[in-house]
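Asker: Protein chains in written order, with my numbering: chain Z, 3 to 168; chain F, 2 to 575.
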């Protein structure tokens, strides 16, 4: 789990070119900082990808990271967005153990979290949940007692609120 | 020269596409960048490139005996001339031998382009013979690197490499070319502009920030300029000098900043930092406003950061935004090219009232200048450096290696102009000095270039004496020989109770080595022989001259601010 005191979000727009992910990740690694999550995907322009990187670092160092990232030739924009109102989302797929006795109970919890059942067998149920990291964490905690068999989380994606660009 | 040739005889490709292979395309692209000299060593993966170079009468390839020398020579060439230095190596071991020099260029912001051969495309990633992931390895030590996968992409890759190397904050760029790409036929377009939407160096400073900086300097009681290598890269010496002459503000220099201002100018206090003068260190640490230009607050300069100039407000000018506030918060940050920002700043600064400040500085300067002792019968290192300064008038291009001799030369050699002091600063790479001097001599054949090295560092790259002999270079190489890795021995003296673990050297006879290579060799054992030996070496034409000077084996380089400490802990005498 991320310690919110030391988690910083940096949004990076990059040219969609080979090696860019390694350059960005390597730049963070060689400053001795752990990447908590990193998500990469296309933007409205297919030649440009957005990386949302959550790093475990003190907030005062985040701007330095953004500056270093801007030096990567393929980086078009790098913004530290912790001080800006923003929307954060993460998606998780969680496969839990079910028995005929726990199935309804789990579905009730899922309802509260607006999670949906995406796969069901007589022994397992796979749930999809979307939300802020804290919400996903809370959901995972509640499901733990049933036995989580597997989990996959996408890592956080973030956009700044309103007309301002991220 | 190369440019004029291409201009006079336009390439037929202008009218009708002409087929050439990737290697020929590379050579033509280098020609169009104005490359006259490249340093390199051939091998399997670069054979096609060397075949194309065989026909290029206007590009001199200097064959070195180890690729490490090629990279250091490219740096020496770049830093002496301001032009882009070029080195080349084959795949695998050839390319990995360039690493130290490329890292040096990265740390000291030297514009170089490294061209490496790579194994053919079909076997990349298969652990082929002499394969190394060179773009992977050099990612953190280059400003940019690229693996070219089509011959037709070579012109764009080369243009981009030179453009990135020399603009913004200069640095090394590596272009990796698979052997079969060098052999592939293509119809190159040399006029295609590289597209770099993410690369926009800011050169003009923010006018509001510049005005604020001018006000801070005008109102200062104890201002000082902290000038570094960025002044030299941007050619801002005239602007810095104008600022100082207009305002009377004193200047201290970093090692990389030597040459940024005439050190014999009364306003220039010379080098500060770990082995800088006591007075320069006292001055910057008592300052109330510090104008830091083209510097990066390196730990060898600042010591313990929280105690560095604790009373000062910092104005920090740099072309690299990531340097501003990296180590020390800047009160007035200005991103921009030193030359342009200083030019805008000079007319806005009103001369501050700093008579009392100067009185204090002069008192410090008088109380503790650089000094040295000459023990009976022993040759003092500092005496040699001092003498070299006097004999050359501070107008030769001095290239040093790394260690005690480097610091002594930095203390005693008073540079009169930019690009006359070349040294491995950030990386501190032993083995740099002689090859970089070689590169500097190729860049400036008509200037006096001298190499000053230690007995330890020289042995890391001395095999290329033959290269200097082969090309008939008038290059004196002075070895301050103290039979030790002097700086290691010094730290062991101060911090490890004199336990000299692996720092004492048994040395060969360097003068005889020089002679064996076909150079002139002189061995100096007594103080009274020094001056005539230096003169002889400086006057030797058409051949390098190795001068092995047997120096005092116990001398320590002082003053010294121990690593991680502050000016209060400066060691003045031993």
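Every residue, glycine too, gets a C-beta built ideally from N, C-alpha and C. No experiment lies behind these values; they were computed from the predicted model shown.
Apply the 10 Å Cβ neighbour rule to residue 383(F) and answer buried if 16 or more other Cβ atoms are within range, or exposed otherwise.
Answerer: Buried, by the Cβ-count rule.
Asker: Using a Cβ-Cβ cut-off of 8 Å, state whether residue 306(F) counts as contacting chain C.
Answerer: Structure shown: chain C not included; protein chains present are Z and F.
Asker: Report yes if the C-beta distance between residue 255(F) and residue 302(F) is below 8 Å; otherwise report no.
Answerer: Cβ atoms of residue 255(F) and residue 302(F): closer than 8 Å.
Asker: Could you check what DSSP says for residue 234(F) in three-state terms: helix, strand or coil?
Answerer: DSSP places residue 234(F) in helix when its eight states are reduced to three.
Asker: Output yes if chain Z places a C-beta closer than 8 Å to the C-beta of residue 323(F); else output no.
Answerer: Yes, residue 323(F) counts as interfacial toward chain Z.
Asker: Residue range of the beta strand (DSSP E) that residue 97(Z) falls in?
Answerer: Unbroken beta strand (DSSP E) run through residue 97(Z): 88–99.
Asker: Just curious, the alpha helix (DSSP H) that residue 208(F) is in, first and last residue?
Answerer: Note, residue 208(F): alpha helix (DSSP H), 208–219.
Asker: Note down, in chain order, all residues in the segment 174–206 of chain F with a beta-carbon under 7 Å from any beta-carbon belonging to chain Z.
Answerer: Hits within the stretch, in order: 197, 198, 199 and 200.
Asker: Evaluate residue 20(F) with the Cβ neighbour count: other Cβ atoms within 10 Å of its Cβ, from every protein chain shown; 16 or more gives buried, anything less gives exposed.
Answerer: Exposed: under 16 other Cβ atoms inside 10 Å.
Asker: Taking one C-beta from the segment 556–563 of chain F and one from the segment 265–283 of chain F each time, how about it: are there three or more such pairs within less than 8 Å?
Answerer: The answer is yes - the segment 265–283 of chain F touches the segment 556–563 of chain F, with three or more Cβ pairs under 8 Å.
Asker: Cβ of residue 145(F) less than 8 Å from any chain Z Cβ?
Answerer: It does: the Cβ of residue 145(F) has a partner Cβ on chain Z nearer than 8 Å.
Asker: Would you grab the beta carbon distance between residue 50(Z) and residue 15(Z) for me? Rounded to a whole angstrom, and I think it's under 8 Å.
Answerer: Confirmed, about 6 Å.
Asker: For residue 160(Z), is the classification buried or exposed, using 16 other Cβ atoms within 10 angstroms of its Cβ as the cut-off for buried?
Answerer: Buried is the call here.
Asker: Verify whether the separation of the beta carbon atoms of residue 42(F) and residue 95(F) is less than 8 Å.
Answerer: Yes, these two residues count as a Cβ contact at 8 Å.
Asker: Between the Cα of residue 420(F) and those of 258(F), 336(F) and 92(F), spot the shortest distance and give me the residue it belongs to.
Answerer: Among 258(F), 336(F) and 92(F), the Cα nearest to that of residue 420(F) belongs to 258(F).
Asker: Please identify, using Cβ separations under 9 Å, the residues of the segment 3–29 of chain Z that lie next to chain F, in order along the chain.
Answerer: Those would be 15, 16, 17, 20, 21, 24, 25, 28 and 29, in chain order.
Asker: Look up residue 465(F) in the DSSP assignment and say whether it is helix, strand or coil.
Answerer: Three-state DSSP puts residue 465(F) in a helix.
Asker: I'd like to know if residue 76(Z) contacts chain F, where contact means its C-beta is closer than 8 Å to some C-beta of that chain.
Answerer: Chain F, which has a Cβ nearer than 8 Å to the Cβ of residue 76(Z), makes this yes.
Asker: Across which residues does DSSP place residue 178(F) in a beta bridge pair?
Answerer: Looking at the DSSP assignment, residue 178(F) forms a beta bridge with 118(F).
Asker: Counting only the same chain and skipping the five closest in sequence on each side, list residues whose C-beta sits under 6 Å from that of residue 365(F).
Answerer: The answer, listed in chain order, is 280 and 283.
Asker: Could you give the distance in angstroms between the alpha-carbon of residue 109(Z) and the alpha-carbon of residue 89(Z)?
Answerer: One C-alpha to the other measures close to 27 Å.
Asker: If you follow the beta strand (DSSP E) that residue 254(F) is part of, which residue opens it and which one closes it?
Answerer: Segment 252–254, the beta strand (DSSP E) holding residue 254(F).
Asker: Using CA atoms only, rank isn't needed, just tell me which of 46(Z), 77(Z) and 57(Z) is closest to residue 34(Z).
Answerer: The candidate whose alpha carbon is nearest that of residue 34(Z) is 57(Z).
Asker: So, with DSSP's three-state summary, where would you put residue 41(F)?
Answerer: Residue 41(F) falls in the strand class under three-state DSSP.
Asker: Less than 8 Å separating the beta-carbons of residue 435(F) and residue 478(F)?
Answerer: Closer than 8 Å, so yes.
Asker: Do residue 402(F) and residue 433(F) have their CB atoms nearer than 8 Å?
Answerer: Yes. Within cutoff.
Asker: Following the continuous beta strand (DSSP E) through residue 39(Z), name the residue where it begins and the one where it ends.
Answerer: Here the beta strand (DSSP E) through residue 39(Z) covers 37–44.
Asker: Quick one: residues in its chain with C-beta nearer than 7 Å to the C-beta of residue 64(Z), no 5 flanking neighbours on either side, listed in chain order?
Answerer: Only 10, 12, 82 and 84 meet the Cβ criterion.
Asker: Compare the C-beta of residue 9(F) with all C-beta atoms of chain Z and state if any pair is closer than 8 Å.
Answerer: The predicted position of residue 9(F) is uncertain, since its pLDDT is 44 and thus under 50; a value taken from the coordinates is nonetheless stated next. False, the Cβ-Cβ gap to chain Z never drops below 8 Å.
Asker: Run down chain F in chain order and give the residues with a C-beta less than 7 Å from the C-beta of residue 32(Z).
Answerer: The contacting residues are 141.
Asker: Using a 10 Å radius around the Cβ and a threshold of 16 neighbouring Cβ atoms, would you call residue 2(F) buried or exposed?
Answerer: Model confidence at residue 2(F) stands at a pLDDT of 35, short of 50, so the residue's coordinates are unreliable and nothing is read from them.
Asker: Decide yes or no for the touch test of the segment 196–215 of chain F against the segment 305–320 of chain F: beta carbon pairs closer than 8 Å, at least 3 of them.
Answerer: These segments touch.
Asker: For residue 428(F), decide whether its Cβ has a neighbour in chain Z, counting only Cβ atoms nearer than 8 Å.
Answerer: It does not: the Cβ of residue 428(F) has no partner Cβ on chain Z nearer than 8 Å.
Asker: Please report the distance separating the alpha-carbon of residue 80(F) from that of residue 157(Z).
Answerer: Each residue's Cα considered, the two are about 45 Å apart.
Asker: How should residue 208(F) be labelled, buried or exposed, when 16 other C-beta atoms within 10 angstroms of its C-beta is the threshold for buried?
Answerer: Result: exposed.
Asker: Residue 300(F): which of 181(F), 244(F), 426(F) and 216(F) sits nearest, CA to CA?
Answerer: Residue 300(F) has its Cα closest to that of 426(F), out of 181(F), 244(F), 426(F) and 216(F).
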